[in-house]
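Novice: Take 1 as the starting number for the sequence shown in UniProt numbering and just add one per residue.
Please read through the structure below; I'll follow up with questions.
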Amino acid sequence: MFMLNAKKTSESRIINTDQVLSCDLNNYNTLFGGVLMKKLDAAASLSARRHARVKTCVTASTDSIDFLHPIHQTDSVCIESFVSYTGSSSMEIFCKVIAEDILTGNRRIAATAFLTFVALGEDKRPVSVPAVEPETEEERFLFETAKGRADMRKIRRTHSKELAEVISLRKPWQAEGGATA
């Protein structure tokens, strides 16, 4: 079923646990979404590099980040990421965020995310990556449903390119010809 050069999902797994600092909080005293997004991108990047064993992997897309529960200053934040599916040079990385109330020990899935990375060679061109071999029920589910997400990604990318052709580069305060009004 799997290719000979396939790597087990566990080989790309990254687990990073951190505390929530007061400087990470928004005006609702919960973790800023952007702070979490940075943590997700960093963990996913390491999973991609670990799987591909290359110096550089670049973020091709952040398919989704679903914020399910707020994260408070009394929580720890555990991000688990791993390669859930691969194309020829691209890797879908699944991230789950587990918040744990340090005072009570209660844990919850605070967020989930899918990011796509491309492995680059020394010449900064895409290089082939190994296939992935899921091991657990969770990993198999993500692997088996990845084709649908990849198809949606292609559709979204086509729409984004179409939009880029239509939207203006003009700054709102500039006149139609590009001169400052």
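Virtual Cβ for every residue (Gly too), placed ideally from N, Cα, C.
This structure is a prediction, so every number in the text was calculated from the model and none was measured.
1. Go through the region 125-154 residue by residue and report every complete run of the beta strand (DSSP E) that reaches 3 residues or more, in order.
2. DSSP beta-bridge partners for T62?
3. What's the call for P130, buried or exposed, on a 16-neighbour Cβ count within 10 Å?
4. Express the C-alpha separation of Y28 and E133 in angstroms, rounding to a whole number.
5. Please work out which residues of its chain come closer than 6 Å, Cβ to Cβ, to V97, disregarding the five sequence neighbours upstream and downstream, and give them in chain order.
6. For D18, I'd like the list of residues in its chain whose CB is within less than 6 Å of its CB, leaving aside the five on either flank, ordered along the chain.
7. Given G121, which residues of its chain have a CB within under 6 Å of its CB, disregarding the five upstream and five downstream residues?
Specialist: Per the coordinate set shown:
1. Residue ranges of uninterrupted beta strand (DSSP E) with 3 or more members are absent from the region 125-154; none lies entirely inside it.
2. Position 62 of the sequence shown, counting from 1, holds the residue named residue 62. T62 is bridged to L115.
3. Position 130 of the sequence shown holds residue 130. By the C-beta density criterion, P130 is buried, having at least 16 other C-beta atoms within 10 angstroms.
4. For the purposes of this step, residue 133 is taken as the residue at position 133 of the sequence shown. For the purposes of this step, residue 28 is taken as the residue at position 28 of the sequence shown. In a straight line, the C-alpha of E133 is about 41 Å away from that of Y28.
5. Numbered from 1 along the sequence shown, position 97 holds the residue referred to as residue 97. Around V97: I79, A110 and A111.
6. One-based indexing of the sequence shown puts residue 18 at position 18. For D18, same chain residues with a beta-carbon under 6 Å away, outside a window of 5 residues either side, are V77 in chain order.
7. Start at 1 with the first residue of the sequence shown, and residue 121 comes out as number 121. Closer than 6 Å at the Cβ level, and outside the excluded window around G121, lie V127.
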